[in-house]
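Line by line, the protein sequences are chains Z and E. Note that the working numbering has the first sequence beginning at -12, numbered continuously upward. Note that the working numbering has the second sequence beginning at 212, numbered continuously upward. In this text, a Cβ means the ideal position worked out from N, Cα and C, and glycines have one as well. The next block holds one structure in the form of structure tokens; read it before the comments.
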Amino acid sequence: MKDTGTDADPVLRLDGIRKTFPGVVALANVDLALYPGQVTALVGENGAGKSTLVKVLTGIYQPDAGTIRVDGTETRFPSAGAATAAGITAIHQETVLFDELTVAENIFLGHAPRGRFGLVDWARMREEAAAILKRIGARIDPRTPLRDLGIASKHLVAIARALSVEARVVVMDEPTASLSQTEIEELYELVERLKSEGQAILFISHKFDEIFRIADRYTVFRDGEMVDAGRIADVTEDQLVERMVGRSMDAIFPARTATPGDEVLRVEGMSHLTEFADISFTLRRGEILGFYGLVGAGRSEFMQALFGVTRPSAGTVTLDGRPLAIRSPADAIASGIVYVPEDRGRQGAITALPIFQNVTLPSLSQTSRHGFVRMAEEFRLARRYTERLDLRAAALDQEVGTLSGGNQQKVVIAKWLATKPAVIILDEPTKGIDVGSKAAVHEFMAELAAEGLSVVMVSSEIPEILGMSDRVIVMRDGRIAARYDRAGLTPEALVRAAAGYEAAA
Amino acid sequence: MIGSFVRSREAILLAALVALVLLVETRFAGFAAPGNLTRILNDTSILIILALGQMLVILTRCIDLSLASNLALTGMVTAMLNAAMPGLPVGLLLAIAIALGLLLGAFNGLLVWKLEIPSIVVTLGTLTIYRGVIFLVSGGAWVNSHEMSAAYKALPRTELLGLPLLGWTGVAIVAAFAVGVNRTALGRAFYAVGGNPGAAIYTGIDVGRTRFWAFVISGGLAGLCGYLWVSRYAVAYTDVAGGFELDIVAACVIGGISIAGGLGTVTGAVLGALFLGTIKNALPVAGISPFWQMAISGAAIIVAVGFNARRQPGRVILKPEATR
């Protein structure tokens, strides 16, 4: 690698770290070095392995192979406590804090200063909490209950908590994602202060402006591998974007030849008080419309409103020329709009019910006569759609919970196809499923579109967006940031639009 | 199908029930005689009916603790109406009992649905409220056997093919549930809402409304049982069926209805009620003190739950996110 600078010995050094999950290689042969007093930016697409790396660093996951060295001594982190003891602390995107406890209690939960007889020394805890808060420039009374604080202040408490242990390595996982501009400035100051105290910082971010502003070094991850590392001073933003996305399109996507037909769905001026604003687009018959954006850009929130789970504050939806009033998911399903949510665990299948009952759940009126469900009809409907999706199951009365993730996803998709929709919204349709199932889902999507079904595909995977979409909408901060036709669309353009970094064209 | 039944929790429970009957039979000949078993079925009918109602509520991840109070209140109202107007046809009283029960159940259901109050809080409240209302309407007085009309008392005792109508009512409700729970959209919705509320929402099922219907149905059944109980024992007073709400929950739990929701069968609930009913019938025969009876019933519940806890279906595919 290019990184040959040895201004000091690294505090933490990872060599050849590998971590696999069933069917997925999350990290393959990753090297990383963090130096005292320096900020290393970790960049990569969603799913590149950044979060897995953080979990390895903080002792939540155990690597399958590779070594971790702290100050040159090889070590292992069998638990989160062991990583903390070694001086590694992390500030997560969404930190778990306790609303009913005070700020001081949150900061010191689990390692409160003890007084005589092993009892918590409350006075000292408050003093030390106040000192840490002062150190990070937060004007918060340690006695305040956490629930009285805003999101940004809670974030500062999370940072204070991370620093309440003797930290030498601080991992920040998208720390500015939920902060306003002034709060971000304060965070930068804090990072500078930590640097001057000699801490090594791993800074994970999608925002190029902040990477170039505060980082000294960079490491680029792609598909679980470290593809590049070096000094920030030696690269340009364009080069960094290129290395992030610059892949051979190794996944093979089905050929799409059919041209989309007439307009089916028209969404105009859809807004929500807090999540998204002014979303307008049209969708044609047999078209696949990709929605790209960073996590938290408001894509899923918009889809949930379109599907009637939440209520938008403004906007109209027209399907086949008829205006729709969607007040609940039942309304949306009846109108012919269905939604396959991202979170399969909580929103997808009902794992305790058998496959056929999951498939027919929204279509019971089809399989019923005089209000009574006919099992033979149910099996017929379930068989028709699960066979089309090539579901691997011993029997249709098998519980869905006994299936693999990919097959569970097929059950959920079969459930929606059985309602014979006009528009299907697929939210991260291949997230977390194995490569084989992914290809099957892609092929099937192309087939559906060819048959005239209109597809809205929310995806954070650039190859999937590029490989499947006829048109692409990029969302950023709850608004449409860019629209692209398939022709002339480049991965670099997508990343720039999503991150809000306009290219020097 | 037969193979999967043998391995199911219902089969284990059925085997335990048969073993229990045979065990008591070895000590007290005649316990397993058809006549006695019919008597146990008849005695347990009310528990079976209410366990089925409770099952629907528990399937949706709720609980109804007010069933016994609902039963006592509707029973008292029918008894007082009968005492005041002996001419009212029993069929009308029965309809009033069911309607009042539905109403009381709907009140629980509305609070759970519209105000989103946890059901255990709602029904703990209505448990005492409904009980209190009995005292208000009756002034604490009893309605005794001699104040009730003959027709009022006769209905549940009338025998048909060797089984009193009380028992037949239980059989009819079980049959209705077997069809309704497995073969209607609402029946399916109870399982979906309890099995995965998030997924149910995305499937177009209104979680709150489904729970409401579970409370309405269980309330209606409690109303029906209010009449059956009071006419059978021919007495109505404030504390009728006191503590019975826990027997109902216990029958469900023994029958493998998962308190976590979404899991349970009509067969299980019926067998759970019969198991508890058999124990309650057998222990006095064996001359065991009432306090031991309570302890043994309690032990049966814990053993049953222990069995169910080890038989979780499915497997976990995704590891929970450790950092969240």
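Problem - Listed by chain order, chain E residues near P349 (chain Z) by CB distance under 7 Å - result: T414, G415
Exercise for the section: Output, in chain order, the set of chain Z residues within a Cβ distance shorter than 7 Å of R394 (chain E). Expected result: F359, V360
Problem - Contact set between the region 320 to 345 of chain Z and chain E, restricted to residues whose Cβ is under 7 Å from the partner - result: I320, Y326, P328, G332, R333, Q334, G335, A336, I337, T338, A339, L340, Q344
Problem - Beta-carbon contacts of A317 (chain E) that lie in its chain and below 6 Å, excluding the five residues immediately before and after - result: V427
Practice task
State the CB to CB distance for the pair Y402 (chain E) and L340 (chain Z), rounded to an integer number of angstroms; the pair is presumed to be in contact (CB under 8 Å).
Solution key: 6 Å
Problem - Nearest neighbour of V410 (chain Z), chosen from Z:K397, Z:A427, Z:L306, Z:P328 [CA to CA] - result: Z:L306
Exercise for the section: Using a cut-off of 8 Å between C-beta atoms, extract the partners of V296 (chain Z) located in chain E. Expected result: I412, Y413
Exercise for the section: May I ask you to report which of helix, strand or coil DSSP gives G31 (chain Z)? Expected result: coil
Handout entry: Rounded straight-line distance, which links the Cα of G3 (chain Z) to that of I55 (chain Z)
Key = 9 Å
Practice task
Mind checking the region 450 to 474 of chain Z against chain E and listing, in chain order, the residues whose C-beta falls within less than 7 Å of any C-beta there?
Solution key: none
Handout entry: Distance CB(D457 (chain Z))-CB(R473 (chain Z)) smaller than 8 Å
Key = yes
Problem - Below-8 Å beta-carbon distance, R399 (chain E) vs any chain Z residue - result: yes
Problem - Neighbour flag for T534 (chain E) against chain Z, beta carbons, 8 Å - result: Only weak support exists for where T534 (chain E) lies, its pLDDT of 33 falling under 50; the coordinates are left without a value.
Handout entry: Three-state class that DSSP yields for F190 (chain Z) in the structure shown
Key = strand
Practice task
To the nearest angstrom, report how far apart G454 (chain E) and T337 (chain E) are at their CA atoms.
Solution key: 14 Å
Problem - Proximal chain E residues relative to P162 (chain Z), where beta-carbon distance stays under 9 Å - result: What P162 (chain Z) touches in chain E: nothing, since even the nearest Cβ is about 14 Å away.
Practice task
Compare the C-beta of S355 (chain Z) with all C-beta atoms of chain E and state if any pair is closer than 8 Å.
Solution key: yes
Handout entry: Residues of the region 306 to 321 of chain E with Cβ closer than 8 Å to any Cβ of chain Z, in chain order
Key = none
Problem - D58 (chain Z) burial status per 10 Å Cβ neighbour count (16 or more: buried) - result: exposed
Handout entry: Assigned secondary structure, T261 (chain Z) (DSSP; H/G/I helix, E/B strand, else coil)
Key = coil
Exercise for the section: Determine the chain Z residues that contact G466 (chain E) at a beta-carbon separation under 9 Å, and present them in chain order. Expected result: Under the 9 Å cutoff, chain Z gives no residues; its nearest Cβ is about 16 Å from G466 (chain E).
Exercise for the section: Within 10 angstroms of the Cβ of V107 (chain Z), are there 16 or more other Cβ atoms? Answer buried if so, exposed if not. Expected result: exposed
Practice task
Reducing DSSP to helix, strand and coil, say where E329 (chain Z) ends up.
Solution key: coil
Exercise for the section: Output the distance between the C-alpha atoms of L227 (chain Z) and I275 (chain Z), rounded to the nearest integer angstrom. Expected result: 30 Å
Practice task
Please list the partners that G409 (chain E) has in chain Z, where partner means a Cβ-to-Cβ separation under 7 Å.
Solution key: R333, Q334
Problem - Status (buried if at least 16 other CB within 10 Å, exposed otherwise) for D377 (chain Z) - result: exposed
Practice task
With P245 (chain E) as the anchor, note down where its alpha helix (DSSP H) starts and where it stops.
Solution key: 245 to 270
Problem - Rounded C-alpha distance that separates A389 (chain E) from L482 (chain E) - result: 13 Å
Exercise for the section: With 8 Å as the C-beta to C-beta threshold (strictly closer), list the residues of the region 365 to 390 of chain E near chain Z in chain order. Expected result: V390
Handout entry: In DSSP terms, what R218 (chain Z) is bridged to
Key = Z:R204
Practice task
Could you confirm whether any beta carbon from chain E is found closer than 8 Å to the beta carbon of V317 (chain Z)?
Solution key: Sequence inspection shows Ala at residue 317 (chain Z); the Val mentioned does not correspond to that position. Yes, because at least one Cβ of chain E sits closer than 8 Å to the Cβ of A317 (chain Z).
Problem - C-alpha gap between E264 (chain Z) and S256 (chain E), whole angstroms - result: This sequence places Ala at residue 264 (chain Z); Glu is not what is there. The alpha-carbon atoms of A264 (chain Z) and S256 (chain E) are separated by roughly 59 Å.
Practice task
Go ahead and label T237 (chain E) buried or exposed: buried means 16 or more other beta carbons lie within 10 angstroms of its beta carbon, across all protein chains shown.
Solution key: exposed
Handout entry: Neighbour flag for M236 (chain Z) against chain E, beta carbons, 8 Å
Key = Low confidence applies to M236 (chain Z): its pLDDT is 45, below 50, so where it sits in the model is not reliable, and the reading given next is rough at best. Chain E contact via Cβ: absent.
Handout entry: Contact check, L233 (chain E) vs A243 (chain E), beta carbons under 8 Å
Key = yes
Handout entry: Beta carbon proximity, G473 (chain E) to chain Z, threshold 8 Å
Key = yes
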